[in-house]
Amino acid sequence: MTNSKQADYDLVVFGATSFVGQILTRYLVENYGAAGKVKWAIAGRSEGKLNTLKAELGAQAADLPVLVADAADDAALAGMCRQTRVVISTVGPYALYGEPLVKACVDTGTDYCDLTGEVQWIRRMVEGYEAQARKTGARIVHCCGFDSIPSDMGVWFLQQQAEKAFGKTCQDVRMRVKVAKGGLSGGTVASMINVAKEAGADPKLRKELANPFSICPEGHRSKVRQPSLKTAEYDKDFDVWLAPFVMGAINTRVVHRSNALQKARYGQEFTYDEAMMTGKGAKGRLTAYGITAALGAFFTASAIKPTRWVVEKLVPKPGEGPSPEDQENGFYDLRFVGRTTDGKTIITKVTGDRDPGYGSTAKMLGEAGLCLAFDLSDDDQGGFWTPASMLDGKLLERLTSKAGLTFDVLETR
1 MTNSKQADYD LVVFGATSFV GQILTRYLVE NYGAAGKVKW AIAGRSEGKL NTLKAELGAQ
61 AADLPVLVAD AADDAALAGM CRQTRVVIST VGPYALYGEP LVKACVDTGT DYCDLTGEVQ
121 WIRRMVEGYE AQARKTGARI VHCCGFDSIP SDMGVWFLQQ QAEKAFGKTC QDVRMRVKVA
181 KGGLSGGTVA SMINVAKEAG ADPKLRKELA NPFSICPEGH RSKVRQPSLK TAEYDKDFDV
241 WLAPFVMGAI NTRVVHRSNA LQKARYGQEF TYDEAMMTGK GAKGRLTAYG ITAALGAFFT
301 ASAIKPTRWV VEKLVPKPGE GPSPEDQENG FYDLRFVGRT TDGKTIITKV TGDRDPGYGS
361 TAKMLGEAGL CLAFDLSDDD QGGFWTPASM LDGKLLERLT SKAGLTFDVL ETR
């Protein structure tokens, strides 16, 4: 049963001319056509750029509708939202440009998904608009890219398999990035710099960013101290050295929110963390310490105005990112280790067949939007959800059959 809102379109891609928006638009055209069973449109503030994108996509996109709306024009956004059942937004940094569209979707009862990784903004949106979203039925699902679908759905899959194998979920889960090949885009870097900038100026925000339950509903907390890798560390499970994973700060919070929204399915005292594998022996140890130092230097420099401009000159600018060849050649392999309270262990793997930040993110984001449009029922309530808590196995099926992801059990003991 699908989302039953009457509208001209099943979904609209807002920000279609952004770096990831262009990849997403091409994915949808190539896999669903421009005038097939899926009724969809592209949208943004520049009609000229949208028509240029259509022309670049060729004859197969000739019938693709174009909608013009600026992220700062409330009336235009509301008009766009009334025409569609789902909006997919790629317009970031979301903390700077995202709120008016979320408000428009909430007010018009339009489902929404995006690829934000800005935890402080998610908290503001939940606090400001969740009550209204429940009234209008709008289902808002943030973090539908590499942050945080592989982590969130990876934990959901592991827990599902643990229930089958052990009759219970795992109270402790650790995710380790075995490999992630692919470049960063300017949009991702701009979002990271903006988070560092906001945190540098706001002690309250720094405290919030350190709280693993910062986007959980009020009252959902654990008495158990959450693991949080801050420096190089040796991992006995995989016999490798670890370094902090830059996306862990958002992914862990999304996973904890999923647990809370599923009525603590993973356990009230559930613990979770993420890290990167850097290899074995002295070389792995040296790499782990090097990555730790580099991440620290990046965020410190981004938080301080005198050095922020240096960082901004060195990194990709918004609209820039990996080449089509780099996207095609990119991939990732994530490993999850789960343990039950009585010592049983399960190891699972999640892989993606494109670069994580863009090639794979575009496919995941597109399928999340289609899942909202076609796979849910009117019984799925409005509010602010996570991929796992709202889309669950329906999204897993799309990810494996359409988006090039795999989810596998490697070992149980």
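Residue numbers for the sequence shown follow the UniProt record's numbering, so the first one is 1 and each next one is one higher.
For every residue, glycine included, the Cβ atom is placed at its ideal position computed from N, Cα and C.
Item                                                                                                                          : Value
Chain C within 9 Å of cysteine 170, Cβ atoms only                                                                             : Considering every chain present, this structure includes no chain C. It has just one protein chain.
Cβ neighbours of alanine 260 in the same chain (closer than 7 Å, five flanking residues each side left out)                   : Cys216, Pro217, His220
For threonine 300, three-class secondary structure by DSSP                                                                    : helix
contact_flag[the region 170 to 184, the region 399 to 413] where n(CB pairs < 8 Å) is 3 or more                               : no
Inter-residue CB distance, glycine 338 and threonine 345 (contact presumed, cutoff 8 Å)                                       : 7 Å
Classification of glycine 15 by the beta-carbon crowding that lies within 10 angstroms, buried from 16 upward                 : buried
C-alpha distance - aspartate 378 paired with leucine 242, whole-angstrom precision                                            : 44 Å
DSSP beta-bridge partners of aspartate 172                                                                                    : Thr271, Arg339
Reduced DSSP category for glutamate 218 - H, G, I as helix; E, B as strand; rest coil                                         : coil
Beta-carbon proximity list for tyrosine 27, same chain, < 8 Å, skipping 5 on both sides                                       : Ala362, Lys363, Gly366
Reduced DSSP secondary structure (H/G/I, E/B, other) of alanine 288                                                           : helix
Proximity below 9 Å, CB of glycine 369 to CB of alanine 133                                                                   : no
Alanine 165 versus arginine 265 - alpha carbon distance                                                                       : 16 Å
Cut-off 6 Å between Cβ atoms - residues of its own chain near valine 86, not counting five sequence neighbours on either side : Leu11, Asp111, Gly369, Leu372, Ala373
Cβ shell of glutamate 233 (< 6 Å), same chain only, five flanking positions each side left out                                : Leu242
Beta-carbon spacing of threonine 292, proline 227 below 9 Å                                                                   : no
Bridge partners - arginine 139, DSSP secondary structure assignment                                                           : Gly383
Nearest-angstrom Cα separation, counted from valine 141 out to serine 258                                                     : 11 Å
Collapsed DSSP secondary structure at residue 415 in the structure displayed                                                  : Any answer about residue 415 is impossible in this case: the structure gives the chain only from 1 up to 413.
Boundaries of the beta strand (DSSP E) in which arginine 85 is found, first to last residue                                   : 84 to 89
DSSP three-state assignment for phenylalanine 157, whether helix, strand or coil                                              : helix
Delimiting residues of the alpha helix (DSSP H) encompassing alanine 62                                                       : Neither: alanine 62 is in no alpha helix (DSSP H) and is coded neither H nor E.
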